[in-house]
Each structure stands twice: as C-alpha cells, then as structure tokens.
Amino acid sequence: MIIKNFLMLCIFFALNFVNQVDSRELSIQQLEERKKADLERAEKRKKRGKKTFSKEITLTTKITFVSMERKTPPVLSNLDPILTDEGFYGVKLAIEDNLTTGRFVGHDYKVSFHQISLNEKLSEEFEKLIDKGHKIFIVDLKEDEILSLKQLKNFDDILIFNVRSKSDSLRNEKCAKNIYHIPPSYSMLSDALTQYLVKKKWTKWFLVTGPDQNDRNYSNALKESAKKFNIKIKQEKVWDFTSDLRRTAGKEVPIFTKGSRYDVLVVADEKGEFGEYLAYRTWDPRPIAGSQGLKPNSWHRTHEQWGATQMQNRFRRESGRWMTEVDYHAWTAVRSIGEAVTRIQKNGVEDIIDYLSGSSFGLGAYKGVKVSYRSWNGQLRQPILLAAPRSMVSVSPQDGYIHPFSELDTLGKDKPESTCKF
Amino acid sequence: MFNILLLLVSIFYSSAVDASKAYITNEKDNTLSVIDISKRKVVKTVDIGQRPRGITMTKDGKLVLICASDDDRVEVRDAETLKLKYHLPSGPDPELFVLSPDDSVLYIANEDDAMVTVVDMNEKMIIDDIPVGVEPEGMGLVGNGSVLVNTSETTNMAHFIDTETLEIVENVLVDARPRVAMFTPDDKEVWVSSEIGGTVKVIDPNSKEVTYTIGFEIPGVNEESIQPVGVRHTKDGKYTFVALGPANRIAVIDQKSKEVIKYLLVGQRVWQLAFSNDQKTLLSTNGVSNDVSFINVDKLKVEKSVKVGRFPWGVVVSP
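Chains as they are written, first to last, in this note's numbering: chain A, 6 to 427; chain B, 50 to 368.
Here you go:
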C-alpha cells in the first residue's frame, strides 16, 4: 500500500515536472483551450447584446490566391508532413487582420482561393480570373510559371505578389513593375549567411550543389557572396546521386567530402534530397550551412523575438501546425495590401504600387524593424533569420555592415547592382 | 566629525523620503524582482506565473497585480509578503493593463485575442470585453477614468473607449506597432509611441486629431533601431521620457514644445519606465542587458544600473 502510494506520488510529480518543462511553447491543447474560451466569450458578448464597433463599408478590396496542384514528391524525410495548404492560413490570418483594421475605417476585404489542377493550363485559368474582374493576386508559383504570366493580355492591369520563388532573375533582368517579391532572393539569403560566416571567420568553404535548377541558382548566389566577402571556396562538388540516402549516407558522405581543408560545408539542396544527411558524416568534423544546418530563412519555428511569439501562437491556433516561410510570405503580402489600402483609402492597382514602392510604406512584420519594398525591383527589404533546426543562431544583417540608406540593403543586389528596369 | 554627522543625516534623510519599492517582472525566467529604491538594490526575487509582463499596484500599495501571459490570468499578490492571494480572470494572453482611479475596475489588453477585457475587482469577475484591433497592448486612462485609450500593434490604431458604455467611440490611425498610450498630467493630450514607426504621436483627446508627430535622430544609431515604447510624463509638465528600445536610450522631451532635449544612454533594449514617488528618479527595464537603470530626473543623468532577472519587462513603484 505504501509503495503504491509512493509510486502514485512519483507519477504525480513526474507529470507535473513534464508540464513545467513544457511551458515555453503553448501546446496545441492550450491553443485549443484559448479557442474554446474565445467562443464562450463571444457567446456571452452576444447575450449582453453589445455591438462590435464597425463603420459603414465604403471600400471593398478583393484578393485572389492562386496555387498549382503538384505531384507529390518522393518522401525524403519521415519527419515532416508534406503540406498541400502552404500559404492558405497565412492569407486567412492576414485577411482577418485586415478585416479587423477595416472594421474601424469602413474597409472590407474579400479573398478567394484558386488551385489550378494538374490538367488545367495556368495561363488560361489566369485569364479567366482576370476576365471575372480579379486584379490583386497572391501567387504560390515557380519561377517559370510566374514568368509565363507576363504574356497574359491584361498583365499590365493586375498586381502580383510572389510568395514562393527566390529566383534572382525574376528580380533583375526579368523583373516587372507590378510583381512584388516577398521571399528573400537567393542572393539575399546567401549574403545573410555569408555575413555571419565572415563574422565567425569561417571563410574557407566546401560548396556542394544539388541537381536542380533552384540548387544551381542558390549555389550561384553563394559564389557571388563568396566573391563579395572574400571567401575562399576550396572545393566545389555537385551531388547527383539519386539513391535514397537513409541507409547509405554513412558510406557515401565521408568519401564525397574528403579532400581539401575547409571551415564549413556549404550546401545548396532546396528539396532536401541529401543535405540533411551530410551532418556528422563528413570526413572532417565540420559544421553545415546553407539549405541545411545553419539556414538563412525569412521565417522559422524557433523565431520568438519582436512579437513573433504572438504570430506563432495565432497561426498555430488557426491552422494546428507551424507557420512555414510561404505562409509568412502570404501573410506579409496580404498585410502589405491592407496597410496600403488603410493609409491611402484607395485600392486601385496603380495607387497600391505607388504607395508600396514609395518611402512612406513600412510594415511591422515581427522582424524587429519595419519591412518595406525596394523601389527598384519590388523586393521586400527584410532581416533574415539564421536558424539551426532548434535554435535561432543570429539575425542578419550583422553588426558593422553599414549602408547609406538602410542596413537591410547590404543583403542581396543593391540598387547600383540591380539589372531590373521597369 | 561634522562630515560624518552630515553623512548620517543624509542617509537618514534619503531613506525617509523614499522607502518605496520597485517591482519588476522578468519575462523569461518567470520571476519578480523587488528593488529598494533608496538603496538601489534588489532585496527580493520570487517565482511567479508564466511569462510575466504588465505589472501594476493598487493605490493603497497593498496589492501587486501581474499579467501572467502564458497562464492566461492575472496574479494578485500581497505587496509585502509577495504571496499569491488570488487570481483574476483575464481572458487569453493578458499583456498590459490599467486600474480605474478608484481601483474598482481593471482593464486588460489580451494580446493574442484582439480584446480588451474588463474585470470587476471586487467581484473578481469579467464584466465585459471589447473587441479592438489585432494585438492590443497600450492602455492609457484619463485622470478621471472616463476614457480609455488602447493601442493595437498590428492594426496600428489608438482606440478611444468610453468607460461608461464600454464601447469604442473613435479610432485614430497612428504609425506602425503602437505600444504605449499615456495621457499628459493635464489630460489635454495622449501620447502614443510607435515601435516600428519610430515615432510618438500626440493626439488631442477631444478632437481625436494628431497634433504632433515626434521623431528621433541619434548620431551613430541607425534609424531602424530607434523603437519608442515606454512613455512617462513628469507631473510638473516639464519633461516626457520615451524609452527607445534597441537604440538603448531614453529620449528626454520638452512636454510643451515637443522638442527632444537629450538622449540618455541606458541598458540594452529599454522598454518600460516608472518614476519614483517624488519623481526624482526614473527607472527603466532593459530587457537584453537584464538590468534596471536609475535616472536622476533633475540632472537628466543615468546614475546606476541594477541587475535583475532575465528579460525584465514591466516596472511599478509602490506608493
């Protein structure tokens, strides 16, 4: 009996302990409780018969989210679920934020989601949407798909926010005045990472590039950053093995990484086909950075500074999962539109472009400083988070990189280097 | 000999004028630090609820109220023993709050929830909630308690709420991420700090018009790290102090002309401010350097910094 009681006591304390250790992040259960409390409160409020402040609607802004159905890629990790709803909750949350603001100033926002299926043609479906009067688009599309939109007959009358592609050419020689880019470009990401590696004096690199076009784009940006910040790329290799590495990485990677002396293994593997399997398997004991290991991101689950905790909580409450970069980009795009409409009280495409590219636009986006758009190519100017899988390592621009206009412009192609001409 | 006597007298005198204490919430280690203001020393540290942020006291100095944000409630503690007396319901994620002049009503900003919750202090019950903008934070109450100004960080507005009807009467658009709203001692102005916008807007509470926009420029500090948060006005109408976050400085502003007179270098990421009762000392919470700075208000000089817990957030001084 005594033993039994003692055991019960032990279990009780153990459970309590677990609860306490778990306290930093709100669990889904806690979030659900908050959700429930909200509903109960709303119910009570209704009973009290109180009205919510709302001005008469004088302006309605329609926003359209367009994505493509994709073939499911082979599962490369057993950990992360393959998401088919990236961007959706980002838009949803931002629309709610816009509506809250709108309620006080008499603005309404309407959103529609369009997924173009595998057997439909992007341009045809897009034309249909434009014909129906859709003008402001958030697009979760790849580089070539975005480029194809420039051929649409009414392209000049619409406004597009890119929330996925990091391609530098989209922001340079292939840029367009009415396409805004929320994701940091590859050159911004590589500069952000390189500034930090320079600070660490890890200036000798072994660069590994994956087989895809995106990997090559990332790798080219890394090489440019290396040149800019006087980094020596001691060795460069392309990874073109196609086998599943889960059982063989221990044999392949040491041989692959044997060779010259370097400080850090920098990898460009956007899909995550092999990058995850490099750590702890290299010939020399070296850290990994780039698309895996220490990774430059626009958003990350470890981010909790500058009010990001609120954003993470609100997002998880809405979606039941963590916010991804695409979700964050979609949120930022919709909030940018909302901020512009709130300030200028107009929602014409030209009006929004003038405001977003002007000097008075600034948005709080949980990055510690306001984010804004580069007038010369429509790129969102933003701090970049350098994160390991379970900890935030640093935020770039690093201290000491100064700039006459904004230190954020030390990341990526600055105005004089840009080849974008509107 | 005379010197020693003078010293003794001055020690006695100084402790007699200000025996009050400052209470500091440490957001990241769930503790409360108590500072003896005259000794400028931490005299006590106690464990409190999770993610403590906003802190205030009843006028009689008997109770300390703390927003335990991750516990979704307000802790009420005995100011002397610091023992937990009871919890108040607050709605989810309470961040900052303000007590009515007679301490009968507590107005709480629920950051995760886009609500201002109104709690009856005697009944210990929620009596109403007011839907406001996204991520409400700043809570400024006019002297007689009839008007409450709440700021919403993502909606970028100052909401004017009639505390009689508990309804919004007007919304004023301010710069990005408004953090604090504070009425001047004569109640003729309400100052709203915008963290990301980098400005302080002065609003006329009658016309609800923005009458001034105060900007800040500090040589050698980039514009983006100037992030105004805490605002405190001296009662004599002379100065207003504005904490500038990661600029690590407090701006001293002429309350009448709205000119910035001076920048005081304090600890890292300075957010909230509180005066001692005689208003001769201003205390600031410096989140990143984990300390509290003491500023001499007459001399406009930073005199000392005292180490507290991890990420000090709120500060209140006992009467």
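For glycine and all other residues, C-beta sits at the position ideal for the given N, C-alpha and C.
Residue-level contact to chain B via CB, residue i, 9 Å cutoff
| i | result |
| --- | --- |
| A:A313 | no |
| A:E412 | yes |
| A:R326 | no |
| A:G54 | no |
| A:N302 | no |
| A:R306 | no |
| A:V110 | yes |
| A:I349 | no |
| A:G353 | no |
| A:T77 | no |
| A:S28 | Because the pLDDT at A:S28 is just 39, under 50, the model does not fix this residue reliably, and the value given afterwards should be weighed accordingly. Yes, because at least one Cβ of chain B sits closer than 9 Å to the Cβ of A:S28. |
Residue j beta carbon less than 9 Å from that of residue i
| i | j | result |
| --- | --- | --- |
| B:L131 | B:V91 | no |
| B:N339 | B:R359 | yes |
| B:V270 | B:T212 | no |
| B:S405 | B:P185 | Nothing about residue 405 of chain B can be read from this structure; chain B reaches only from 50 to 368. |
| B:V147 | B:R126 | no |
| A:P421 | A:P402 | no |
| B:V198 | B:G192 | no |
| B:G279 | B:P101 | no |
| B:R122 | B:P150 | no |
| B:N297 | B:Q321 | no |
| A:W336 | A:L44 | no |
| A:T106 | A:N352 | no |
| A:A273 | A:R221 | yes |
| A:S192 | A:E148 | no |
| A:K182 | A:I342 | no |
Cutoff 9 Å: residue i Cβ touching any chain E Cβ
| i | result |
| --- | --- |
| B:G140 | Looking at the structure shown, chain E is missing, and the protein chains on hand are A and B. |
Residue-level contact to chain A via CB, residue i, 9 Å cutoff
| i | result |
| --- | --- |
| B:N220 | yes |
| B:M164 | yes |
| B:F61 | Low per-residue confidence applies at B:F61: pLDDT is 48, beneath 50, and the placement is therefore not dependable, though the value from the model is reported in the following sentence. It does not; no Cβ of chain A falls within 9 Å. |
| B:G363 | no |
| B:R122 | no |
| B:M206 | yes |
| B:R226 | yes |
| B:E266 | no |
| B:T203 | yes |
| B:D169 | no |
| B:G189 | no |
| B:G192 | no |
First through last residue of the beta strand (DSSP E) which encompasses residue i
| i | result |
| --- | --- |
| A:A294 | 293 to 295 |
| A:F93 | From DSSP, A:F93 is part of no beta strand (DSSP E) but of the alpha helix (DSSP H) over 93 to 110. |
| B:I179 | 174 to 180 |
| B:E352 | 350 to 356 |
| A:M193 | Note, A:M193: premise wrong, no beta strand (DSSP E); alpha helix (DSSP H) at 191 to 204. |
| B:F146 | 143 to 148 |
Through-space distance from residue j to residue i, alpha-carbon basis
| i | j | result |
| --- | --- | --- |
| A:D268 | A:A231 | 13 Å |
| A:R252 | B:R228 | 53 Å |
| A:E275 | A:T247 | 15 Å |
| A:Y94 | A:R169 | 15 Å |
| B:K356 | B:V366 | 17 Å |
| B:T289 | B:L313 | 13 Å |
| A:L212 | A:G255 | 19 Å |
| B:P368 | B:N326 | 6 Å |
| A:A392 | A:L194 | 12 Å |
| A:H408 | A:V374 | 15 Å |
Any non-hydrogen atom of the ligand PLP within 8 Å of residue i CB
| i | result |
| --- | --- |
| B:V167 | The ligand PLP is absent from the structure shown, which contains no ligand whatsoever. |
Neighbour-count burial assignment, residue i, 16 or more Cβ in a 10 Å radius
| i | result |
| --- | --- |
| B:I302 | buried |
| A:S164 | Position check: residue 164 of chain A holds Leu in this sequence, whereas Ser was assumed. Looking at its Cβ environment, which holds 16 or more other Cβ atoms inside 10 Å, A:L164 is buried. |
| A:A19 | In this prediction, A:A19 has a pLDDT of 43, which is less than 50 and means its spatial position is unreliable; what the coordinates show is noted afterwards. Flag for A:A19 reads exposed. |
| A:H334 | buried |
| A:D102 | buried |
| A:F131 | buried |
| B:M174 | exposed |
| B:I210 | buried |
| A:S72 | buried |
| A:S296 | buried |
| A:H186 | buried |
Start-to-end residues for the alpha helix (DSSP H) that takes in residue i
| i | result |
| --- | --- |
| B:I97 | Run containing B:I97: none; DSSP gives neither H nor E here. |
| A:V374 | Careful: A:V374 lies outside any alpha helix (DSSP H) and carries neither H nor E. |
| A:H334 | 330 to 349 |
| B:R126 | Looking at the DSSP string, B:R126 is not in any alpha helix (DSSP H); the run it does join, the beta strand (DSSP E), is 122 to 127. |
| A:I357 | 354 to 362 |
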